[in-house]
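Under full-length UniProt numbering, think of the first position of the sequence shown as 1, with each following residue one higher.
In what follows, a structure is listed as structure tokens, so that the remarks can point back to it.
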Amino acid sequence: MLNKEPISHLPSENPDKNQHPNPATEMAAPDSSRLLVDWSALKKLLSSTQEYLQTAQVRAEIRKKWPDTLERSPFTLLKPLKSLFLKVLQLIFKDQREVNQNLIQVCQQSIQFNQELMEQLVTLSSQIDQLHQSRNNQQITLEMMDNHLTDLEAETELLPSDTASFDHLNPQLTAKAVNLPAPQLLTPEPEQLPVQLELESWEPTPEQCEAAMKMFQAYKFCQGGAVEYFQTHVKRYLTTLELIPRQKGLRILELGSCPAFSLLLKQKFPDATIILAYNHSPDEKTLEDNSEGKLAQDKFQERSSQDGRDKYNQQLFNYPFSVIESEPQSADWPIYRFSYTYFNIEKDIWPFEDKHFDVVFCMEILEHLLVDPGFSFREANRVLKDGGTFIVTTPNIARYESVDSILSGDTPYTFGIYYESGPYGRHNREYVPREVARLGECSGFQTDLLLTANVYPLSRDIRLVQELLAQFNDDPTLRKQNILYRGIKVTDQFKSYPPELYG
Numbered sequence: 001m002l003n004k005e006p007i008s009h010l011p012s013e014n015p016d017k018n019q020h021p022n023p024a025t026e027m028a029a030p031d032s033s034r035l036l037v038d039w040s041a042l043k044k045l046l047s048s049t050q051e052y053l054q055t056a057q058v059r060a061e062i063r064k065k066w067p068d069t070l071e072r073s074p075f076t077l078l079k080p081l082k083s084l085f086l087k088v089l090q091l092i093f094k095d096q097r098e099v100n101q102n103l104i105q106v107c108q109q110s111i112q113f114n115q116e117l118m119e120q121l122v123t124l125s126s127q128i129d130q131l132h133q134s135r136n137n138q139q140i141t142l143e144m145m146d147n148h149l150t151d152l153e154a155e156t157e158l159l160p161s162d163t164a165s166f167d168h169l170n171p172q173l174t175a176k177a178v179n180l181p182a183p184q185l186l187t188p189e190p191e192q193l194p195v196q197l198e199l200e201s202w203e204p205t206p207e208q209c210e211a212a213m214k215m216f217q218a219y220k221f222c223q224g225g226a227v228e229y230f231q232t233h234v235k236r237y238l239t240t241l242e243l244i245p246r247q248k249g250l251r252i253l254e255l256g257s258c259p260a261f262s263l264l265l266k267q268k269f270p271d272a273t274i275i276l277a278y279n280h281s282p283d284e285k286t287l288e289d290n291s292e293g294k295l296a297q298d299k300f301q302e303r304s305s306q307d308g309r310d311k312y313n314q315q316l317f318n319y320p321f322s323v324i325e326s327e328p329q330s331a332d333w334p335i336y337r338f339s340y341t342y343f344n345i346e347k348d349i350w351p352f353e354d355k356h357f358d359v360v361f362c363m364e365i366l367e368h369l370l371v372d373p374g375f376s377f378r379e380a381n382r383v384l385k386d387g388g389t390f391i392v393t394t395p396n397i398a399r400y401e402s403v404d405s406i407l408s409g410d411t412p413y414t415f416g417i418y419y420e421s422g423p424y425g426r427h428n429r430e431y432v433p434r435e436v437a438r439l440g441e442c443s444g445f446q447t448d449l450l451l452t453a454n455v456y457p458l459s460r461d462i463r464l465v466q467e468l469l470a471q472f473n474d475d476p477t478l479r480k481q482n483i484l485y486r487g488i489k490v491t492d493q494f495k496s497y498p499p500e501l502y503g
């Protein structure tokens, strides 16, 4: 007589039974709150259910094959016991079959429940995303409204107390402020700085370059090799003029003066007071022949030392100033008069009172400095009025041509040769645009404009370099030949020198 053991103690034909718990037990009392958040447990349950179903199918296949197996040797010797043996097997597995059927039903119900749960979770997730998107849209709308209100408040602050001063405002802004159409207002000469977007696409026309060259010729600059020099640089002169604030009665200090540019400056701003300063102290005789400053003495006539003092300048600055005059070839051109002096802009305290100038020019001189360019920026801050403009132009060592030169094994410098006139005659250091802006930021200036411009004929084929750098999302506006920087004086307080320039 066989001992009928409990079903739970029957040997399992699945060797991994202990590794796969009975899903019927786990699904007896599902915790819906846990299922909503415990995704890993849900995935584990589904996996266990699928494996248990596979095990049940395998067992069923084995049981189907058992009768056929009994027809083979050595089971043929047991044929007399066949019917009895089959009855015993049926009795043994009767309860197991019922359990398997129940398990299959439970698993199917579990799968259906999980599918419904997943659909509900997907719907809920979609609703949450829509809610977040709606909130983001509302936030953006509120920010736009805040910005618009801020702009309106700023425009309101610009309104003058009396309508007589409306001619000092931009016509479009004035029209908007007083709710009048623009044509009904006077259109004065604009008194604002050219914006960066205008200057990025601006370049002088051939007619403008030709007119400037005629002016240089009238004042006897275009003689001998000077013709080629000014043909090369005239585009740079005209581009630099566009950086100047469009105002009347400006006080302008031009450092490292070029006489040809000084004439263009005076022609465009005839009512401006322009002081020229050459970059060396009066006792630095070895530097007198350096750069464009020598051209000023050659092409301008200096008056006698006794009569040549500008009384206004001498009384104001208490420093040796002289006056030079232009000398045109014919009476068709006016005689321009300038006050000028000498000092070393990176060593000497500049001989001017605090907050005296509207504009300070530092054109193509930064790259020649040896000791302390930051000192020059801070002295420019001192002599500028609050809100004054500091304009710097200098070669861009990060220009496309320099990159191509480095890749070809050549020097990136435009004029790095040793020059017979002394250390200030060569380019001692060329800069990238952000370095110039950093010098301004640590010297009390806010960067109003920083861009580059091609002001000379290209010396190399730069197409391959442009394509190469474009692959790295490079900014092409900072890869042209010359750096154009315009800083606005916003404070008298200075910060530490930038560590990338000073050790």
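Ideal Cβ placement from N, Cα and C applies to all residues, glycine included.
Task: N-terminal and C-terminal residue of the alpha helix (DSSP H) that Tyr-229 is part of - done: 226–241
Task: Short Cβ contact (9 Å threshold) for Lys-266 with Ala-272 - done: Cβ distance < 9 Å, so Lys-266 and Ala-272 count as in contact.
- [ ] Could you tell me whether the Cβ atoms of Arg-460 and Leu-450 are closer together than 9 Å?
- [x] Using a Cβ distance threshold of 9 Å, Arg-460 and Leu-450 do not count as a contacting pair.
TODO: With DSSP collapsed to three states, give me the class of Cys-442.
DONE: coil
- [ ] Please state whether DSSP places Gln-314 in a helix, a strand or coil.
- [x] Because Gln-314 carries a pLDDT of 38, less than 50, the predicted location of this residue cannot be relied on, and no value is offered for it.
Open item on the list: Could you give the first and the last residue of the continuous beta strand (DSSP E) run that contains Tyr-502?
Closed with: Element bounds for Tyr-502: n/a, residue is neither H nor E.
Open item on the list: When you compare the CB positions of His-368 and Tyr-424, do they come within less than 9 Å of one another, or not?
Closed with: Contact flag set, yes.
TODO: Look up Arg-429 in the DSSP assignment and say whether it is helix, strand or coil.
DONE: coil
Open item on the list: With three or more C-beta pairs closer than 8 Å as the rule, is the stretch 232–249 touching the stretch 209–219?
Closed with: yes
Open item on the list: Buried or exposed for Lys-43, going by 16 or more other Cβ atoms inside 10 Å?
Closed with: Looking at its Cβ environment, which holds fewer than 16 other Cβ atoms inside 10 Å, Lys-43 is exposed.
Task: Beta-carbon contacts of Gly-252 that lie in its chain and below 6 Å, excluding the five residues immediately before and after - done: The sequence given here places Ile at residue 252; Gly does not occur at that position. Answer for Ile-252: Ala-272, Ile-274 and Val-359, listed in chain order.
- [ ] Taking Gln-329 as the reference, give the member of Phe-216, Leu-250, Pro-245 and Gln-493 with the closest Cα.
- [x] Phe-216
Task: Among Phe-338, Gln-446, Ser-405 and Cys-362, the one whose alpha carbon lies nearest that of Asp-386 - done: Gln-446
TODO: State the DSSP-derived secondary structure class of Glu-353, mapped to helix, strand or coil.
DONE: coil
- [ ] Decide if the stretch 485–493 is in contact with the stretch 391–409; the criterion is three or more beta carbon pairs, one per stretch, under 8 Å apart.
- [x] yes
Task: CA-to-CA distance, Glu-379 to Ile-349, given in whole angstroms - done: 7 Å
TODO: Determine the burial state of Ser-125: buried for a count of at least 16 other Cβ atoms within 10 Å of its Cβ, exposed for fewer.
DONE: exposed
- [ ] Output the distance between the C-alpha atoms of Ile-462 and Asp-332, rounded to the nearest integer angstrom.
- [x] In this model, Ile-462 and Asp-332 are separated by some 44 Å (Cα to Cα).
Open item on the list: Short of 8 Å in beta carbon distance, which residues of its chain neighbour Asp-372, apart from the five on each side in sequence? Order them along the chain.
Closed with: Glu-346 and Lys-347
- [ ] Go ahead and pull the three-state DSSP assignment for Leu-253.
- [x] DSSP places Leu-253 in strand when its eight states are reduced to three.
Open item on the list: Which residue wins for smallest C-alpha separation from Phe-403, given the options Leu-121, Lys-480 and Leu-53?
Closed with: Note that residue 403 is Val in the sequence shown here, rather than Phe. Out of Leu-121, Lys-480 and Leu-53, Lys-480 has the C-alpha closest to the C-alpha of Val-403.
Task: Continuous alpha helix (DSSP H) stretch holding Phe-260: start and end - done: The question names Phe, yet the displayed sequence has Ala at residue 260. Unbroken alpha helix (DSSP H) run through Ala-260: 259–268.
TODO: Keeping to the same chain, check which residues put their C-beta closer than 6 Å to that of Gln-493; ignore five residues upstream and five downstream.
DONE: none
Task: Asp-107 versus Ala-41 - alpha carbon distance - done: Looking at the sequence provided, one finds Cys at residue 107 rather than Asp. Roughly 16 Å between the two C-alpha positions.
Task: Rounded straight-line distance, which links the Cα of Leu-131 to that of residue 560 - done: Not covered by the structure: residue 560. The range shown for the chain is 1 to 503.
- [ ] Would you kindly check if the distance between the Cβ of Tyr-336 and the Cβ of Leu-263 is under 9 Å?
- [x] Yes, these two residues count as a Cβ contact at 9 Å.
TODO: Could you give the DSSP three-state label for residue 504: helix, strand or coil?
DONE: Only positions 1 to 503 of the chain appear in the structure, and residue 504 is not among them; the question remains open.
Task: N- and C-terminal bounds of the alpha helix (DSSP H) containing Gly-374 - done: 373–383
TODO: Ignoring anything shorter than 4 residues or poking outside the stretch 104–137, list the alpha helix (DSSP H) runs there in chain order.
DONE: none
Open item on the list: How far does the beta strand (DSSP E) with Ile-483 in it extend, from its first residue to its last?
Closed with: 482–489
TODO: Go through its chain and collect everything with a Cβ distance to Arg-398's Cβ below 6 Å, but skip five positions before and after it.
DONE: Per the sequence shown, residue 398 should be read as Ala rather than Arg. Within the same chain, Ala-398 has close Cβ partners Val-432.
TODO: Could you check if Leu-243 is buried or exposed, using at least 16 other CB atoms within 10 Å of its CB as the buried criterion?
DONE: Label assigned to Leu-243: buried.
Open item on the list: Glu-430 and Asn-381 - do their beta-carbons sit closer together than 9 Å?
Closed with: no
Open item on the list: Considering Cα atoms alone, identify which of Glu-203, Gln-109, Gly-256 and Lys-495 is closest to Ile-365.
Closed with: Comparing Cα-Cα distances from Ile-365 to each of Glu-203, Gln-109, Gly-256 and Lys-495, the minimum goes to Gly-256.
- [ ] Classify Thr-163 as buried or exposed, calling it buried when 16 or more other Cβ atoms lie within 10 Å of its own Cβ.
- [x] Interpretation of Thr-163 is limited by its pLDDT of 36, a score under 50 that renders its predicted location unreliable; the figure taken from the coordinates is listed afterwards. Classification of Thr-163: exposed, given that the 10 Å Cβ count is below 16.
Task: Burial state of Gly-249, where buried means 16 or more other Cβ atoms lie within 10 Å - done: Looking at its Cβ environment, which holds fewer than 16 other Cβ atoms inside 10 Å, Gly-249 is exposed.
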